[in-house]
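Asks: Structure provided below as structure tokens; questions to follow.
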Amino acid sequence: MRNPILLSAFSTCLISILLFIPQGMTSSQAENIPISSDTVGGLSIIAEFKFSQGNEVVKSFKIFNQKEGYKISQPPRETPVFQLIGGVGNDKPMLYYVTDSTLSQMSAVKDYTQFDVVVYLYRGNELLRELDYTDCMVSDYKITTLHDGDETFSGKTQFVIADTFEFKCGGYVLKSPVYDNSKR
């Protein structure tokens, strides 16, 4: 049996985090804007999608899950699989288009079906981790309404409508800028 208090606290935190949905921007715009966070420890996720038709930087994802791929260099080789979760918003039009095209198998948009993704993990303006994924495609997409049990229905908290994107990739490289900077 799950602990209802712990589940309620987790749901409240998740809903609170997802309520902050900044607007999307291009790579050049992203370089000039300070990174803000509403998470514990001031951590934030930035995902840069490198489509054949251009790049899209998304700063509204609040949850990153690396599901598979840790054993990419060891037999049996795992395929990198990861999720990005955030509020539904107008900050990711190209990603929505690619997702819709890929999952509905529209043949006219083959250029979009494979792309690269770089996931940056920041604390303030300090880059902590960088995960460079290659040859990715959207493998699953869901829209979910998140809520905090009875609290949401009584009006004490709010509903969040969230995107859950899952990606499968051909490979990835982990980078640790914090370690690299410590060697200097």
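Position 73 of the sequence shown, counting from 1, maps to 73 under full-length UniProt numbering, and the rest follow consecutively. Even glycine gets a Cβ: it sits at the ideal position worked out from N, Cα and C.
#1: Helix, strand or coil: how does DSSP classify SER139 here?
#2: Consult DSSP for GLY41 and reduce its assignment to one of helix, strand or coil.
#3: Between GLY124 and the rest of its own chain, which residues show a CB-CB distance below 6 Å, the 5 nearest in sequence each way excluded?
#4: Going by DSSP, what residue range makes up the alpha helix (DSSP H) through ASP100?
#5: Where does residue 198 sit, in a helix, a strand or coil, going by DSSP?
#6: Taking 8 Å as the threshold, find out whether the stretch 158–177 comes into contact with the stretch 127–147 through three or more Cβ pairs.
#7: How many whole angstroms separate the CB atoms of GLU126 and LYS92, which I take to be in contact at a CB cut-off of 8 Å?
#8: DSSP three-state label for PHE153, please.
#9: With VAL119 and ALA47 assumed to form a contact (beta carbons below 8 Å), what rounded beta-carbon distance in angstroms separates them?
#10: Going by other Cβ atoms of all chains shown within 10 Å of its Cβ, with 16 needed for buried, is PHE167 buried or exposed?
#11: Comparing C-alpha positions only, which one of GLY54, LYS142, SER154, ASN181 sits nearest to LYS117?
#12: Measuring only the C-alpha atoms, how far is VAL160 from ASP140?
#13: For PHE115 versus LEU84, is the C-beta distance shorter than 8 Å?
#14: Run the CB neighbour count on GLY87, radius 10 Å, all protein chains shown included, and call it buried at 16 or more, exposed below.
#15: Looking at the secondary structure, which residues open and close the beta strand (DSSP E) in which PHE115 lies?
Replies: According to the structure shown:
#1: Start at 1 with the first residue of the sequence shown, and residue 139 comes out as number 139. Correct three-state label for SER139: strand.
#2: Mapped onto the sequence shown, residue 41 falls at position 41. GLY41: helix per DSSP, three-state reduction.
#3: Walking along the sequence shown from the start, residue 124 turns up at place 124. The answer, listed in chain order, is GLY42.
#4: The residue labelled residue 100 in the question sits at position 100 within the sequence shown. Segment 93–103, the alpha helix (DSSP H) holding ASP100.
#5: The structure shown does not extend to residue 198, since the chain is modelled only from 1 to 184, so the question has no answer here.
#6: yes
#7: Mapped onto the sequence shown, residue 126 falls at position 126. Mapped onto the sequence shown, residue 92 falls at position 92. Contact doesn't hold; Cβ gap of about 25 Å is too wide.
#8: For the purposes of this step, residue 153 is taken as residue 153 along the sequence shown, with counting starting at 1. Helix.
#9: Along the sequence shown, one-based indexing puts residue 119 at 119. Along the sequence shown, one-based indexing puts residue 47 at 47. A Cβ-Cβ separation of about 5 Å places VAL119 in contact with ALA47 under the 8 Å criterion.
#10: Along the sequence shown, one-based indexing puts residue 167 at 167. So PHE167 ends up on the buried side.
#11: By one-based count along the sequence shown, residue 117 stands at place 117. It should be pointed out that residue 117 corresponds to Val in this sequence rather than to Lys. Answer by Cα proximity: GLY54.
#12: Indexing the sequence shown from 1 puts residue 160 at position 160. Indexing the sequence shown from 1 puts residue 140 at position 140. For VAL160 and ASP140, the distance between alpha carbons rounds to 20 Å.
#13: Translated into the one-based positions of the sequence shown, residue 115 becomes position 115. Translated into the one-based positions of the sequence shown, residue 84 becomes position 84. No, these two residues do not count as a Cβ contact at 8 Å.
#14: The sequence position of residue 87 within the sequence shown is 87, counting from 1. Label assigned to GLY87: buried.
#15: Numbered from 1 along the sequence shown, position 115 holds the residue referred to as residue 115. Residues 115–123.
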